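Novice: Under my numbering, the first residue of the sequence shown carries the number 1, and numbering increases by one thereafter.
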Amino acid sequence: MAMRHASRFTGGVMEIDETSLEELRSLSPRGAYEAIRRAVLQNPWGASSEDLRSALEQMVAAGILTWDEVERFEVS
1 MAMRHASRFT
11 GGVMEIDETS
21 LEELRSLSPR
31 GAYEAIRRAV
41 LQNPWGASSE
51 DLRSALEQMV
61 AAGILTWDEV
71 ERFEVS
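#1: Closest to F73 by CA distance: which of I16, P29 and S48 is it?
#2: Taking the alpha carbon of L56 as the point to measure from, which residue in P44, W45 and A39 has its own alpha carbon closest?
#3: Look at the alpha carbon of V60 and the alpha carbon of T19, and state the distance between them as a whole number of angstroms.
#4: If you draw a straight line from the alpha carbon of V75 to that of D68, how long is it in whole angstroms?
#5: Would you mind sorting S54 into buried or exposed? The rule is 16 or more other CB atoms within 10 Å of its CB.
Rendered as structure tokens:
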């Protein structure tokens with residue numbers, strides 16, 4: 001999964017590319033959530049809760065997940 005990380009010094013966050021968003025759309029909501037969580041946690045620049053939140057916001061904006069689904073997956 002291709003994710004670009006903007007500089008931490010400028011307050012940048014993770015950005016998911018369009019190809020990856022399309023791949024995530026082909027997964028179940030749970031599968032998409034787990035895939036993005038793994039991608040953020042394994043990124044070579046380190047991971048923060050802000051990075052995960054940014055990635056999830058992008059997925060919700062793209063219609064891949066809803067916030068209700070995210071909340072359900074986070075507690076299970």
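Note that CB positions come from ideal geometry on N, CA and C, so glycine has one too.
Small disclaimer: the values here were computed from a predicted structure and weren't measured.
Specialist: Taking the geometry as given:
#1: P29
#2: A39
#3: 16 Å
#4: 11 Å
#5: buried
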